[in-house]
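In our numbering, the protein residues as written are 80 to 335. Everything on this sheet refers to the single structure shown next.
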Amino acid sequence: MICHYNPRLYLEIVSTSYVESSFLKGLIYEAGDKLFSVNKKLKFPFGIRTEKPVQSQPKPFAILMNNRLMDILTHLKIQSEKLKRTYQRLLARDRTLFEACVRAEQELDRDRAVIYANEIAQLRKMSRTVLRSQISLEKVILRLETVQEFGDVMRALAPATKIIKQVQSELSGLVPEVASALRTVDEMLETVIIEAGNVTGAQISVMVSDSEAQRILEEAAEVAAQRMNSQFPQLPETLKDVTSEQSSNNSKLRNP
């Protein structure tokens, strides 16, 4: 407990209780007076009083910027979690189809096995897009969470907008709910970039932000490919050519 007190009075109480000699009492009183003159603010019974340093209040714009970044992070984490759950559902569906495909192959039902194999190929293509998008969002979240200064904000947000736009475009036909939410996040990011740029005067090169965004997307694609290779079983060799041919035919139909 920190308090103000008179050391002379305290020493007088002590000396009255324990010291009989008037000479010693005089020495104690003198010591108390000197102690009191050195520092009048003491911890009871001894020690120098310490005060907490006054912390400077954050600027209003810094508070506003922090709140908006927190909102963006919350939105991104929600959509990342939705994509994670979507990927898990696709993975479970793939396992069911794979077992059915293997069963049909064992029963020498070639036509049914081919149907299953083609469905698996399409599902894995969707899974790859969903997983790559989810990993991309995770990387954006990590970058925004490490932002400390306004300059860092600009360097982190500029590539983030490119990534969000790319992910939103890829998911528009697969997970429209997430794509719509990411469109809102992109608008929030654009607002923050404009406001931060107006206050700080910081500018980010378009070429730098594009190259950074491309690097992050490529890293996400590589991680997604490695993860899928470990989680999705390989189709029988006799069906791989069939699925590749079907995929090629679908591509020709889309681009005649």
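C-beta atoms are modelled at their ideal positions from N, C-alpha and C, and glycine is treated no differently. These figures come from a predicted structure and were not determined experimentally.
Open item on the list: What does the alpha-carbon distance come out to for the pair residue 153 and residue 217?
Closed with: Taken atom to atom, the span from the alpha-carbon of residue 153 to that of residue 217 is near 12 Å.
Task: Where residue 188 sits in the DSSP three-state scheme - done: Three-state DSSP puts residue 188 in coil, outside helix and strand.
TODO: Kindly provide the ranges of any alpha helix (DSSP H) runs that are 4 or more residues long and lie completely inside the stretch 242–319, ordered along the chain.
DONE: Listed in chain order, the complete alpha helix (DSSP H) runs (minimum 4 residues) inside the stretch 242–319 are 255–279 and 285–310.
Task: Backbone secondary structure at residue 225 - three-state DSSP - done: It is coil, neither helix nor strand.
- [ ] Using only alpha-carbon positions, find the residue among 314, 250 and 224 that is nearest to residue 239.
- [x] Cα-wise, what sits closest to residue 239 is 224.
TODO: Run the CB neighbour count on residue 149, radius 10 Å, all protein chains shown included, and call it buried at 16 or more, exposed below.
DONE: So residue 149 counts as exposed.
Open item on the list: Going by DSSP in three states, residue 214 sits in which element: helix, strand or coil?
Closed with: Note: residue 214 maps to helix in three-state DSSP.
Task: Integer-rounded CB distance, given that residue 244 should sit under 8 Å from residue 289 - done: Not quite, the Cβ-Cβ distance comes to about 11 Å (not below 8 Å), so this is no contact.
Open item on the list: With the cut-off set at 7 Å, would you say residue 314 and residue 220 are in Cβ contact?
Closed with: Pairing residue 314 with residue 220 gives a Cβ-Cβ distance that is not under 7 Å.
TODO: Quick one: measure Cβ to Cβ for residue 170 and residue 305, integer angstroms, because I've assumed they're closer than 8 Å.
DONE: The distance from the Cβ of residue 170 to that of residue 305 is about 15 Å, inconsistent with a contact at the 8 Å cut-off.
Open item on the list: Could you tell me the alpha carbon to alpha carbon distance between residue 370 and residue 262, rounded to whole angstroms?
Closed with: The displayed coordinates of the chain run from 80 to 335. Any statement about residue 370 would go beyond what the structure contains.
TODO: Using only alpha-carbon positions, find the residue among 196, 276 and 188 that is nearest to residue 66.
DONE: The structure shown does not extend to residue 66, since the chain spans only 80 to 335, so no value can be given for it.
Task: 7 Å Cβ cutoff met for residue 192 and residue 200 - done: No, they are not a contact pair.
TODO: Throw me the rounded Cβ distance for the residue 253 and residue 205 pair, which I believe falls under 8 Å.
DONE: So it is a contact: roughly 6 Å between Cβ atoms.
TODO: Measure the beta-carbon distance from residue 226 to residue 235 and round it to whole angstroms, keeping in mind my assumption that it falls under 8 Å.
DONE: Residue 226 to residue 235, Cβ: 5 Å. Contact.
Task: Alpha-carbon spacing of residue 210 relative to residue 178, whole angstroms - done: Whole-angstrom Cα-Cα distance: 22 Å.
Open item on the list: Please tell me whether residue 147 and residue 232 are closer than 7 Å, where the distance is taken between their beta carbons.
Closed with: Against a cut-off of 7 Å, the Cβ pair of residue 232 and residue 147 comes out as no contact.
- [ ] Can you give me the Cβ contacts of residue 212 inside the same chain, cut-off strictly under 7 Å, excluding the 5 residues immediately before and after it?
- [x] Taken in chain order, the residues that qualify are 162, 246, 249 and 250.
Open item on the list: Considering only their Cβ atoms, is the gap separating residue 207 from residue 299 smaller than 7 Å?
Closed with: Result no, Cβ atoms of residue 299 and residue 207 do not sit closer than 7 Å.
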